[in-house]
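First residue of the sequence shown: 757, per our numbering; consecutive thereafter.
Notes follow once the structure below has been shown.
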Amino acid sequence: MLLEFKIGGYCSFKEMQELYLTPYPGTRIKNTKYEDNFFEIKKNRVMKSSVIFGSNASGKTNLVLGLERFIEIIQNGLDLKKDFSENKLNNSSESIKFEISVLGKDEKIYNYYLEYNFANIIEEHLTCNEKIIFKFENNSLESNSKKISTDIEKVFSIKSTETILKKLKDFEIEEITMLIEESKNIVIKRDLLFNLESKNIKYNINKTGKEKLEKEKEKVLDILKLLDYTICDFQLEKDGDINKEEIYQVIIIRENTENNERKNYYLRDESEGIKKIMNLIYDILDIYEGKTIFIDELDSSISTQTLIQIFNNIVNTKNNSKGQLIVTSHNLFLFNNNIFEPQQIYIVNKKIDLTSEIYSLSEFNIRTEKENLYQDFLKGKFGGMNG
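Right, dumping it as structure tokens:
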């Protein structure tokens, strides 16, 4: 579960910017209209959802790219050429900095920080519940893990072009394993505007996809009914083999409530909305399974009404006990403090020096009963309209 992400020196981000998915200490959530928007895990309140706004070229996608890159580094290690040959370093920065905090399945908080330049690692550290697991700074490694001896610390206390996290991965340190595993539960989805054009939508599914839809049939139907209440069932019909793998067609079944007559419709013949939601169905199901789904411009894919229903009826509900949905958006109907607590609404603003900054709506004095916030946003009262 994602608690926070920080980014600096990467693309349009110069100074370190923070995306927090935990409310400010002292924020009243319980017994408010926002209570179902947050998890309560021991002493931790965590957002189930967040929406990030900003004009074109403000830096929203750079935020997504940065998180995607950092997750890749956590799982696979650092490739300095990848970042610096692709000009990912901010023009006014000398180094790239990332930091992430996640809540593990063991309900412990894992924080990982990494700073590097074109030549080597500058600083890196991992903590668990604020206890240092390892710290690398000034080409020197210190660790509190029993599995890392003083001799190992000396061996790794050299200038490094690879992360200490990767070097220590094979030592089977529990905290490192937990961080890597939890990072795999953060799923980044980009380019949906292209991917969900009709010509790119997949109408066939493989056997694994079939089994998942059948296992989660009740949830799938609940999601489909958000778009069309006449949908009562679906079937999966074998449609041959591709490379010796069975594939299936999705058949949507509708019921006429007047005469109880049922009719079948192949997915390929369905409306754009049904096609697109079926293409996203596995991501939505992953939310139920506890994954954090981060989608760049989800509103390019589905209608406003469906988007609001996904948040109100799937994500921000008591039934969602462990999954998160974070989206970047241009859809101002979501800029709404009746749907989201102001701390859940973020704005990416491009400053006059062409660098990006991130802040939440809660930094402004917003009355909870304030209506039509999007009008103030369009007037530039909250920033995020330049660029």
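Glycine is no exception: its CB is placed at the ideal position from the N, C-alpha and C atoms.
| Check | Outcome |
| --- | --- |
| Beta strand (DSSP E) segments (min. 3 residues) lying fully within the segment 771-833 | 773-776, 794-797, 800-803 and 805-809 |
| Per-residue burial, Ser848 [other beta carbons within 10 Å of its own, 16 or more giving buried] | exposed |
| Proximity winner among Asp1052, Thr778, Lys789 and Tyr1022, relative to Lys816 (alpha-carbon distances) | Asp1052 |
| Residues bridged to Gly764 (per DSSP) | Lys853 |
| Cα-Cα separation between Ser879 and Lys837, rounded to whole angstroms | This sequence places Glu at residue 879; Ser is not what is there. Glu879 and Lys837: Cα-Cα distance of roughly 18 Å. |
| Pairwise C-alpha distance: Glu828 and Leu834 | 8 Å |
| Beta-carbon contacts of Glu863 that lie in its chain and below 7 Å, excluding the five residues immediately before and after | Ile797 and Lys798 |
| Distance, Phe990 Cα to Val911 Cα | 59 Å |
| Rounded straight-line distance, which links the Cα of Glu938 to that of Phe950 | Its pLDDT being 45, under 50, Phe950 is placed unreliably by the model, and nothing is read from it. |
| Where Asn1035 falls: helix, strand or coil (DSSP) | helix |
| Chain-order list of residues whose beta-carbon lies under 7 Å from that of Gly996 (same chain, five-residue window excluded) | Ile1003 |
| Contact under 8 Å by Cβ, Glu855 with Tyr869 | yes |
| Burial state of Gly782 (16 or more Cβ within 10 Å) | exposed |
| Phe1096 in three-state terms, based on DSSP | coil |
| Residue range of the unbroken beta strand (DSSP E) whose run includes Leu1090 | Neither: Leu1090 is in no beta strand (DSSP E) and is coded neither H nor E. |
| 3 or more residues per run - each beta strand (DSSP E) lying fully within the segment 969-998 | 987-998 |
| C-alpha gap between Ile914 and Val1006, whole angstroms | 56 Å |
| Residue of Ile987, Asn1069 and Glu993 minimising C-alpha distance to Glu967 | Glu993 |
| Nearest-angstrom Cα separation, counted from Asn1015 out to Glu760 | 52 Å |
| Residue range of the unbroken beta strand (DSSP E) whose run includes Val1071 | Neither: Val1071 is in no beta strand (DSSP E) and is coded neither H nor E. |
| Among Asn962, Asp1132, Gln1061 and Thr1084, the one whose alpha carbon lies nearest that of Ile1049 | Thr1084 |
| Beta-carbon proximity list for Gly1143, same chain, < 6 Å, skipping 5 on both sides | Low local confidence applies: a pLDDT of 45 at Gly1143 is under 50, so the model's placement there is unreliable, and no value is given. |
| Best match in Asn960, Leu777, Ile1033 and Asp1025 for proximity to Asn800 [C-alpha to C-alpha] | Leu777 |
| Nearest neighbour of Lys1032, chosen from Leu819, Glu1113, Leu1054 and Ile1043 [CA to CA] | Leu1054 |
| Every unbroken beta strand (DSSP E) within the segment 892-932, with a cutoff of 3 residues, ordered by chain | 896-899 |
| Residue-level contact to chain D via CB, Pro781, 8 Å cutoff | This model lacks chain D altogether, as it is built from one protein chain only. |
| Distance CB(Lys786)-CB(Val1071) smaller than 8 Å | no |
| Three-way DSSP call (helix, strand, coil) for Glu1119 in this model | helix |
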